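Student:
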Amino acid sequence: MQLEIIGNIESVKNSTNHLLIKTPEATARIWVYSDSVIRVNVSKAFDETDPSFAVIQSPAGQLDYSETTDEIVITTSLLKLRINKSPLRLNFYTADDKELSKDDERFGINWQGERVINYRKLYADEKFIGLGEKTGNLDKRGSSFTNWNTDAALHDTKSDPLYKTFPFFIGIHSGLTYGLFFDNTHKSYFDFGATTDEQMSWFDADGGDMNYYFFGSQSVAKIIEDYTWLTGRMEMPPLWSLGYQQCRWSYMSAAEVLDIAQRFCKEKIPADVMYCDIDYMHGFKIFTWNKETFPNPKAFIAKLKAMNFRLVIIVDPGIKIEDGYKQYDEGVDKDYFAKYPNGENYTADVWPGRCHFPDFFRDDVREWWGAAFTALTEPGVEGFWNDMNEPAAWGQNMPWLVKFGDKFMPEVRNAYGMQMARATYEGTRKILGDKRPFILTRAAYAGTQRYSAVWTGDNSAYDEHMLMGQRMVSSLGITGMSFVGVDIGGFTGDPTPELMARWNSLGVFTPMFRNHAMQGTIMREPWQWGKKNMAIIKKDIELRYRLLPYIYSGFYQSHKTGIPLSRTLAIDHTHDENVYDVKYHNQFLFGDSVLVAPVESTQLTAEVYLPSGNWYRLSSGEKYAGGQVYNVDTPLTDLPVFIKAGAIIPMQNIVQSTNEKGDGILELNVWYGSEVCSFVYYEDDGTSYDYENGDYNKREITFNPAKRTVTFSEAEGSFKSKFSHIQLLLHGFEDLPGTKRKVEKRYQHKNINSLFKIDF
Ligand code: GLC
Numbered sequence: 004m005q006l007e008i009i010g011n012i013e014s015v016k017n018s019t020n021h022l023l024i025k026t027p028e029a030t031a032r033i034w035v036y037s038d039s040v041i042r043v044n045v046s047k048a049f050d051e052t053d054p055s056f057a058v059i060q061s062p063a064g065q066l067d068y069s070e071t072t073d074e075i076v077i078t079t080s081l082l083k084l085r086i087n088k089s090p091l092r093l094n095f096y097t098a099d100d101k102e103l104s105k106d107d108e109r110f111g112i113n114w115q116g117e118r119v120i121n122y123r124k125l126y127a128d129e130k131f132i133g134l135g136e137k138t139g140n141l142d143k144r145g146s147s148f149t150n151w152n153t154d155a156a157l158h159d160t161k162s163d164p165l166y167k168t169f170p171f172f173i174g175i176h177s178g179l180t181y182g183l184f185f186d187n188t189h190k191s192y193f194d195f196g197a198t199t200d201e202q203m204s205w206f207d208a209d210g211g212d213m214n215y216y217f218f219g220s221q222s223v224a225k226i227i228e229d230y231t232w233l234t235g236r237m238e239m240p241p242l243w244s245l246g247y248q249q250c251r252w253s254y255m256s257a258a259e260v261l262d263i264a265q266r267f268c269k270e271k272i273p274a275d276v277m278y279c280d281i282d283y284m285h286g287f288k289i290f291t292w293n294k295e296t297f298p299n300p301k302a303f304i305a306k307l308k309a310m311n312f313r314l315v316i317i318v319d320p321g322i323k324i325e326d327g328y329k330q331y332d333e334g335v336d337k338d339y340f341a342k343y344p345n346g347e348n349y350t351a352d353v354w355p356g357r358c359h360f361p362d363f364f365r366d367d368v369r370e371w372w373g374a375a376f377t378a379l380t381e382p383g384v385e386g387f388w389n390d391m392n393e394p395a396a397w398g399q400n401m402p403w404l405v406k407f408g409d410k411f412m413p414e415v416r417n418a419y420g421m422q423m424a425r426a427t428y429e430g431t432r433k434i435l436g437d438k439r440p441f442i443l444t445r446a447a448y449a450g451t452q453r454y455s456a457v458w459t460g461d462n463s464a465y466d467e468h469m470l471m472g473q474r475m476v477s478s479l480g481i482t483g484m485s486f487v488g489v490d491i492g493g494f495t496g497d498p499t500p501e502l503m504a505r506w507n508s509l510g511v512f513t514p515m516f517r518n519h520a521m522q523g524t525i526m527r528e529p530w531q532w533g534k535k536n537m538a539i540i541k542k543d544i545e546l547r548y549r550l551l552p553y554i555y556s557g558f559y560q561s562h563k564t565g566i567p568l569s570r571t572l573a574i575d576h577t578h579d580e581n582v583y584d585v586k587y588h589n590q591f592l593f594g595d596s597v598l599v600a601p602v603e604s605t606q607l608t609a610e611v612y613l614p615s616g617n618w619y620r621l622s623s624g625e626k627y628a629g630g631q632v633y634n635v636d637t638p639l640t641d642l643p644v645f646i647k648a649g650a651i652i653p654m655q656n657i658v659q660s661t662n663e664k665g666d667g668i669l670e671l672n673v674w675y676g677s678e679v680c681s682f683v684y685y686e687d688d689g690t691s692y693d694y695e696n697g698d699y700n701k702r703e704i705t706f707n708p709a710k711r712t713v714t715f716s717e718a719e720g721s722f723k724s725k726f727s728h729i730q731l732l733l734h735g736f737e738d739l740p741g742t743k744r745k746v747e748k749r750y751q752h753k754n755i756n757s758l759f760k761i762d763f
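If you read the sequence shown in my numbering, its first letter stands for residue 4, the second for the next number, and so on.
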């Protein structure tokens, strides 16, 4: 194998919207996407159609550059890209010349065979966050990773690769931040100083171009905003999908599913969603129902709906080879399956036995797949769980020569799951008309947030896995995925009652709140854990429902800006070293101002680091000064949750389902802070797409301690709030000069739909 180096620049040309640079080995193209986003593509054979599964933007920035004998400098208001000519090296700076990220001077970009590699300078204090669903620490310095979507059943806290590919990371050093998205779906590798002599980090792919987007904003939040501007943001999820979700592999019959739903009602434990795993099907054939165990899907789903439950059902890509099975016959007739180069359909074993696999990379196949969902929507299903789409097959090892569209498997494998989720989303959205479908997928590639929520696959029922799951949720948030869940309780193995209760407490603060377990494990529903634990679980689920106005507003933020609901502290406290300390790296902010410190199930006290600002413990109201470590009690009944001083948190009364009306009172909790603070409250009907046409209700709520006022901006949008009253609850206000009362104050105001201001 030969090492081919990129060499010296021979020519530079301004080519419409990009700079075209030639070396003897390759061509480099540079586009300015915006003032803070510059794209680099270095290739030997550029595909002029320039396809990307992830990117939805075109270059919109101004291409301003200057050239001397030694270098070319591209300048925006925020960034400078200095391109060294001999040899070609790409070095990024802030507009005021602070060094953000450079090619390694010795090696830069080169090739070994088809493999294209970029070696970059590693800074002494550099930290790395991102890559989405990965094991290991928050700070990935000293680790290396592979992206190769894999059915990672039984993965442990060190396994790699896993199910998803998000080749996007953020580098933090010298008080600076930058982001880099390597948009290449081949098997790819990232080394953050794991295997070199502390001089360089590097990333590479088995094939394709050195095609990356460089983000130069000086804030992690702004980099995430830019990344999700480039790759898209989530739609507003259906409100019901934010309630509690109960799943199992499998509830074996309609009767069993109904029994479980009924028990939730009887115990008065709020819940919104029941799932059917693979056993609802006839012979694991997608788009069929088992006629014996699910004899009347329509009546079954109607009964669930009458209890205010929605149904989510699983679909896998493997289509059983069986004459007379509609999907098989049509797929063969129309040639819809992935193929060997000789035209034969690729065959492998999954749950149904011998299967073929739809080629989701083709428009016609996605349309066909999407249209087939009528078999499920017609009886009333509104949620679609896409599994095994790495794609998984027993033995894992899909031959290299399998073809999807005109590409061989290794080139696009990492985007297969995303294309399946896309087909499911586009199809069901079309069929359901104005109703929002809920889509969940296991495999994903950058940009999947446009179509689907994700969960972290088959985790395990032990503490370390629970804590790692939280880091994955926060890390997926960095890479644009806000709507993320883990199997609460652990998929594999049996949790202790304590672990179940603790994990459920954490689930309250997980964007998708789903309890799921593997076949053969003990039953997991809240009442399986004894009275005392059930009471804890119930109280926590009730808290989730009380927080829904806050959570929904948080999802609105993700929809608008890409900022995730679950936020590693590295987003708001980027340059605080403690945030990356393994003792505290599981901590996160849930929305703007709720800090959660996950702790193991057996731990009855814990060290918690509270970053700058003042904090109040949610359960006790106790006040803490930030920038310090505290040892706090963490009994099973009380996961450490802290509220930021100056937080405004809208809550509601306990409802049994998001479909229940509630008492019409929006409980507005304000925690005293000495600075002016505000919160953007958002509400819409929770089910339709009318919000896209202005049918929502949005207001900025502001607390001004000096003026002693809480004010509401005029409502934007035409939606009439479901709340008619506001109850204002003031916490920690004994700190407000002149306030004598130690107890919380309550104010009642009628009619949230009109504009008002409260003085106190
Ligand atoms: C896979 C999924 C799991 C599901 C099971 C059966 O293991 O990850 O969630 O329950 O398949 O469908």
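From the three backbone atoms N, C-alpha and C, an ideal C-beta is built for every residue, glycine too. Computed from a predicted structure; not experimentally measured.
1) Please identify the residue among Gly398, Tyr419, Thr97 and Gln522 whose C-alpha is closest to the C-alpha of Lys406.
2) Who pairs with Asp207 in a beta bridge, going by DSSP?
3) Should Gly488 be listed as close to the ligand GLC, given that the test is whether its C-beta is under 7 angstroms from any heavy atom?
4) Closest to Asn309 by CA distance: which of Glu663, Leu479 and Lys130 is it?
5) Which class does Ile646 belong to by DSSP, given the choice of helix, strand or coil?
6) Which residue marks the beginning of the beta strand (DSSP E) containing Glu429, and which one marks its end?
7) Can you say whether Glu467 is buried or exposed, counting buried as having 16 or more other CB atoms within 10 angstroms of its CB?
8) For Cys279, write down the residues that DSSP places opposite it in a beta bridge.
9) Using DSSP bridges, identify the partner residues of Asp106.
10) Whole-angstrom Cβ separation of Thr153 and Tyr166, contact assumed at under 8 angstroms?
11) What is the rounded straight-line gap between the Cα of Asn293 and the Cα of Ile322?
12) According to DSSP, is Ser177 part of a helix, a strand, or is it coil?
13) Please classify Met4 as buried or exposed, where buried requires at least 16 other C-beta atoms within 10 Å of its C-beta.
14) Check whether the Cβ atoms of His578 and Leu141 sit closer than 8 angstroms, and answer yes or no.
15) Provide the residue span of the alpha helix (DSSP H) that contains Lys563, from first to last.
16) Considering just the uninterrupted stretch of the alpha helix (DSSP H) at Phe303, what are its terminal residues?
17) Out of Asp437, Asp53, Thr444 and Gly196, state which residue places its alpha-carbon closest to the alpha-carbon of Gly689.
18) Going by the CB atoms, is the gap between Phe49 and Arg32 shorter than 8 angstroms?
19) Give a yes or no on whether the C-beta atoms belonging to Leu568 and Ser485 are separated by under 8 angstroms.
20) For the alpha helix (DSSP H) containing Leu134, name the first residue and the last one.
21) State yes or no: is the C-beta of Asp352 nearer than 7 angstroms to some heavy atom of the ligand GLC?
22) Quick check on this structure: which residue in Phe494, Leu157, Ser46 and Ser204 has the alpha carbon closest to the alpha carbon of Asn187?
23) Straight-line CA distance for Ser136 to Thr459?
24) Give the secondary structure of Tyr587 by DSSP, where H, G and I count as helix, E and B as strand, and everything else as coil.
25) Rounded to the nearest angstrom, how far is the Cβ of Asp687 from that of Met239, given a contact under 8 angstroms?
26) Do you know how far the Cα of Lys130 is from the Cα of Gly174?
27) Any idea if Glu429 is buried or exposed, counting beta-carbon neighbours within 10 angstroms, 16 or more meaning buried?
28) Do Gly472 and the ligand GLC come close, with the Cβ less than 7 angstroms from some heavy atom?
29) Helix, strand or coil for Phe494 per DSSP?
30) My guess is that Asn518 and Gln249 are in contact by the Cβ rule of under 8 angstroms, so how many angstroms apart are they, rounded?
Tutor: Put simply:
1) Ranked by Cα distance from Lys406, the options Gly398, Tyr419, Thr97 and Gln522 are led by Tyr419.
2) Ile120 and Tyr192
3) no
4) Per the sequence presented here, residue 309 reads as Ala, with Asn not at that position. That would be Glu663, whose Cα lies nearest to the Cα of Ala309.
5) strand
6) No beta strand (DSSP E) holds Glu429; the alpha helix (DSSP H) holding it covers Met412 to Leu435.
7) exposed
8) Ile316
9) Arg123
10) 7 angstroms
11) 16 angstroms
12) coil
13) exposed
14) no
15) Leu551 to Thr564
16) Counting along the chain, the alpha helix (DSSP H) containing Phe303 begins and ends at Pro300 to Ala309.
17) Asp437
18) yes
19) yes
20) Leu134 -> no alpha helix (DSSP H), and no H or E assigned at all.
21) no
22) Ser46
23) The question names Ser, but residue 136 is Glu in the sequence shown. In a straight line, the C-alpha of Glu136 is about 7 angstroms away from that of Thr459.
24) coil
25) Your pair Asp687 and Met239 checks out as a contact, with CB atoms roughly 7 angstroms apart and the cut at 8 angstroms.
26) 6 angstroms
27) Classification of Glu429: buried, given that the 10 Å Cβ count is 16 or more.
28) Not one heavy atom of the ligand GLC sits closer than 7 angstroms to the Cβ of Gly472.
29) coil
30) 6 angstroms
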